[in-house]
Amino acid sequence: MKRQILVVASGVALAAATAESTEWSTQWADGEVETLASLSLDALEPLPADPTNRYADDPRAAALGRRIFFDTRLSSNGAVSCATCHEPARDFQDGKALAQGVGTTDRRTMPIAGTAYSPFLFWDGRKDSQWSQALGPLESPVEHGGSRAQYAHVIDAGYRAEYEAVFGPLPDLSAVPRTAGPVADPVASAAWASMPESERESVTRVFANIGKAIAAYERTIRHAPSRFDRYVHELTTTGRAPEGVLTDDEVAGARLFIGKAGCINCHNGPLFTDDYFHNTGVPVGRGAPSDIGRHKGAEQVVADEFNCRSTYSDAPSGECPELDYIVLDSDEMVRAFKTPSLRNVAARAPYMHAGQIATLEDVVRHYERAPRSPAGQTELHGLRLSNREIRQLVAFLESLSGPLSAPPSFLHEPR
Amino acid sequence: MKKGTKRTLKIAAGALAALITVGCMMHMGMPHAHPPAESEFGMGPRRSTSGAYTASIIPNGELAVRKLQTVRVAVADSAGAPVDGATIVVDGGMPQHGHGLPTQPRVTRSLGNGEYLVEGLRFNMGGWWVLSFAVDGSVGSDTITFNLDL
Numbered sequence: 005m006k007r008q009i010l011v012v013a014s015g016v017a018l019a020a021a022t023a024e025s026t027e028w029s030t031q032w033a034d035g036e037v038e039t040l041a042s043l044s045l046d047a048l049e050p051l052p053a054d055p056t057n058r059y060a061d062d063p064r065a066a067a068l069g070r071r072i073f074f075d076t077r078l079s080s081n082g083a084v085s086c087a088t089c090h091e092p093a094r095d096f097q098d099g100k101a102l103a104q105g106v107g108t109t110d111r112r113t114m115p116i117a118g119t120a121y122s123p124f125l126f127w128d129g130r131k132d133s134q135w136s137q138a139l140g141p142l143e144s145p146v147e148h149g150g151s152r153a154q155y156a157h158v159i160d161a162g163y164r165a166e167y168e169a170v171f172g173p174l175p176d177l178s179a180v181p182r183t184a185g186p187v188a189d190p191v192a193s194a195a196w197a198s199m200p201e202s203e204r205e206s207v208t209r210v211f212a213n214i215g216k217a218i219a220a221y222e223r224t225i226r227h228a229p230s231r232f233d234r235y236v237h238e239l240t241t242t243g244r245a246p247e248g249v250l251t252d253d254e255v256a257g258a259r260l261f262i263g264k265a266g267c268i269n270c271h272n273g274p275l276f277t278d279d280y281f282h283n284t285g286v287p288v289g290r291g292a293p294s295d296i297g298r299h300k301g302a303e304q305v306v307a308d309e310f311n312c313r314s315t316y317s318d319a320p321s322g323e324c325p326e327l328d329y330i331v332l333d334s335d336e337m338v339r340a341f342k343t344p345s346l347r348n349v350a351a352r353a354p355y356m357h358a359g360q361i362a363t364l365e366d367v368v369r370h371y372e373r374a375p376r377s378p379a380g381q382t383e384l385h386g387l388r389l390s391n392r393e394i395r396q397l398v399a400f401l402e403s404l405s406g407p408l409s410a411p412p413s414f415l416h417e418p419r
Numbered sequence: 079m080k081k082g083t084k085r086t087l088k089i090a091a092g093a094l095a096a097l098i099t100v101g102c103m104m105h106m107g108m109p110h111a112h113p114p115a116e117s118e119f120g121m122g123p124r125r126s127t128s129g130a131y132t133a134s135i136i137p138n139g140e141l142a143v144r145k146l147q148t149v150r151v152a153v154a155d156s157a158g159a160p161v162d163g164a165t166i167v168v169d170g171g172m173p174q175h176g177h178g179l180p181t182q183p184r185v186t187r188s189l190g191n192g193e194y195l196v197e198g199l200r201f202n203m204g205g206w207w208v209l210s211f212a213v214d215g216s217v218g219s220d221t222i223t224f225n226l227d228l
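Residue numbers (my numbering), protein chains in the order written: chain A, 5 to 419; chain B, 79 to 228.
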């Protein structure tokens with residue numbers, strides 16, 4: 005089954021290598037070619053439907069969502085938008101250990117491309133759709149810091165026509181307080197409690213639709229091929245390893261990634277993630293509180309006001325399999341965090357859920373050492389890697405950088 | 079306790095090793111578990127621990143990594159007669175990694191003729207998985223354990 009096939013060596017790229025390593029670095033067993041192909045963007049399935057958001061593929065919703073995404077009026081201080089932390093020019097993240105909105109969060113900003121494929125969002129998976137994810141930061145006291153009533157008024161004042169074209173008539177907001185929502189702020193919270201139930205419901209409906217518009221925009225943000233994808237595309241279509249696409253170190257790193265180092269166990273598939281949660285013994289971040297990750301996130305998503313089963317979801321009744329079969333109250337999920345995609349990872353330091361690790365080399369050394377977890381049990385068992393192999397793994401990770409793709413102008417702030 | 083488990087594993091073999099694996103290691107973490115012989119892999123028919131039942135997994139297409147999927151499990155007694163009306167609990171995991179399944183699959187329907195629908199099954203990575211069905215039916219309680227290579 006693991007028949008070795010000799011891939012014809014290319015002289016140029018390998019000129020510096022020894023005869024022995026040249027031969028080794030250009031040979032892939034057919035099982036390995038299959039594994040490499042499983043990681044390539046060529047293997048990415050079409051964007052899955054989001055039955056919870058009936059506007060997910062409406063271009064008008066995406067255009068509105070894009071404008072909202074960049075609009076700082078959706079914050080308590082008029083200075084924070086989604087793009088504050090999700091900067092389009094930086095792979096929709098911010099390069100900071102802990103995200104900074106109107107305050108400082110407990111977690112590292114995650115990128116957006118490809119998240120339409122994830123059954124659970126956030127490092128702890130406490131949301132089960134892109135649209136419900138988008139609503140979390142809007143009412144977080146340290147992110148946008150505002151309230152749903154405030155945001156409904158922003159839609160009324162700034163986006164009425166665009167909103168109504170997609171979602172139908174806006175409710176009458178004339179009696180709705182400027183600031184009101186089930187948030188930490190006592191004034192907004194008291195105002196919310198004083199509103200009649202029907203009014204709260206219609207404001208929440210507008211709020212949910214804001215999330216659905218943002219999700220329609222975010223769905224369009226995709227990964228475009230990296231050098232690794234080009235290498236695999238050529239390898240699988242011609243049967244030969246292409247010249248000059250990956251360096252020897254990158255090829256050796258790919259071999260370690262899918263073999264000895266076992267990275268592919270969790271970082272599998274074309275998005276380099278198993279979409280699940282693992283305790284990898286990452287230390288508690290500086291300035292971040294102790295964090296039990298998915299153990300709590302699983303409880304939260306089941307109880308979430310905007311989950312697949314909620315009245316704001318468009319999913320047909322009884323069709324929320326991710327929630328139906330979710331693992332709850334599992335010791336394995338204590339301090340387990342989502343496996344992040346590794347696409348564009350080299351441009352995304354610092355690493356881990358609270359930016360605890362500064363460089364990719366240090367990340368690989370973390371997996372090599374496999375320290376005890378501050379809580380729960382780490383799944384890591386340690387690796388034996390030479391300094392050269394660590395360098396090769398890092399080189400491979402750097403070959404996963406590529407541009408993003410989206411409809412024209414969607415990767416920029418609207419004028 | 080870990081040392082003791084390791085010693086036990088050394089003297090156990092084949093299917094027995096696989097069963098101890100399922101029982102003891104799935105939720106403890108055991109990096110050095112060794113997969114059983116190739117003949118122990120597959121979708122059955124496979125005998126339960128005490129021989130009360132045999133079962134086969136009937137997939138809906140090829141089992142895939144990361145996808146939430148549905149399979150059928152066909153249960154028979156030791157004489158080969160289909161067993162209906164049983165209560166079946168599904169469990170599983172990766173003995174080499176020390177973790178369980180990423181979902182909690184369940185038997186959601188009895189399909190008749192000894193077949194049951196298992197929904198919510200996911201394997202989040204490639205490699206050696208065990209999948210067990212604890213059957214409580216007409217001839218008592220027993221567990222059938224499958225070794226699967228994803």
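Glycine included, C-beta positions come from ideal geometry on N, C-alpha and C. Values in this document were obtained by computation on a predicted structure and should not be read as measured data.
Is the beta carbon of residue j closer than 8 Å to that of residue i?
i      : j      : result
B/G170 : B/L209 : yes
A/L408 : A/R226 : yes
B/T181 : A/Y329 : yes
A/G406 : A/P229 : yes
A/P378 : A/P293 : no
A/L174 : A/R182 : no
A/T113 : A/Q97  : yes
B/V196 : B/R144 : no
A/T343 : A/H299 : no
A/D335 : A/G380 : yes
A/S79  : A/V106 : yes
A/T382 : A/A374 : yes
A/Q396 : A/D189 : no
A/A169 : A/R70  : no
A/G301 : A/D110 : no
A/P354 : A/A195 : no
B/P137 : B/N225 : no
If you draw a straight line from the alpha carbon of residue i to that of residue j, how long is it in whole angstroms?
i      : j      : result
A/Y59  : A/L139 : 16 Å
A/H148 : A/P141 : 6 Å
A/A93  : A/A67  : 19 Å
A/T245 : A/A53  : Here residue 245 of chain A is Ala; the residue named in the question, Thr, does not match the sequence. Cα to Cα, the separation comes out at about 35 Å.
A/R77  : A/A220 : 20 Å
A/F400 : A/E247 : 16 Å
A/L250 : A/G297 : 36 Å
A/D295 : A/A358 : 10 Å
A/G48  : A/R223 : The amino acid at residue 48 of chain A is misidentified as Gly; the sequence shows Leu. A/L48 and A/R223: Cα-Cα distance of roughly 14 Å.
A/S345 : A/A103 : 18 Å
A/E27  : A/G386 : Interpretation of A/E27 is limited by its pLDDT of 43, a score under 50 that renders its predicted location unreliable; the figure taken from the coordinates is listed afterwards. Spanning the two alpha carbons is a distance of roughly 29 Å.
B/T148 : B/G139 : 10 Å
A/S178 : A/A161 : 12 Å
A/I394 : A/A184 : 52 Å
B/L189 : A/V236 : 44 Å
A/Q31  : A/I116 : 35 Å
A/P123 : A/P325 : 10 Å
A/E372 : A/I361 : 14 Å
A/G257 : A/V398 : 7 Å
From what residue to what residue does the alpha helix (DSSP H) around residue i run?
i      : result
A/I423 : Past the boundaries of the shown model lies residue 423 of chain A; chain A is included only from 5 to 419, so the question cannot be answered.
B/N225 : Here B/N225 belongs to no alpha helix (DSSP H); instead the beta strand (DSSP E) covers 218-227.
A/V37  : 34-43
A/D233 : 231-242
A/S206 : 201-222
B/E197 : Careful: B/E197 lies outside any alpha helix (DSSP H), inside the beta strand (DSSP E) at 193-199.
Considering residue i, what are the terminal residues of the beta strand (DSSP E) in which it resides?
i      : result
B/G190 : 184-190
A/V398 : First-last for A/V398: 391-402, but that is the alpha helix (DSSP H), not the beta strand (DSSP E).
B/T148 : 147-155
B/F211 : 206-215
A/Y155 : Element bounds for A/Y155: not the beta strand (DSSP E) but the alpha helix (DSSP H), 152-162.
If you count every other CB in all the chains shown that lies within 10 Å of the CB of residue i, and 16 or more means buried, which is it?
i      : result
A/V305 : buried
A/N272 : buried
B/S126 : buried
A/L18  : With a pLDDT of only 38 at A/L18, under 50, the local geometry of the prediction cannot be trusted, and the value read off the model is given with reservation. Looking at its Cβ environment, which holds 16 or more other Cβ atoms inside 10 Å, A/L18 is buried.
A/T39  : buried
A/N81  : exposed
B/M104 : The predicted position of B/M104 is uncertain, since its pLDDT is 40 and thus under 50; no value can be drawn from it.
B/R187 : exposed
A/K264 : exposed
Run the proximity test for residue i: is its beta-carbon closer than 7 Å to any non-hydrogen atom belonging to the ligand COA?
i      : result
B/G171 : This structure lacks the ligand COA, and indeed carries no ligand of any kind.
With a threshold of 8 Å between beta carbons, is residue i in contact with chain E?
i      : result
A/E383 : Of the protein chains in the structure, A and B, none is chain E.
Tell me, please, whether the stretch 301-318 of chain A touches the stretch 118-136 of chain A by the rule of three or more beta-carbon pairs shorter than 8 Å. yes
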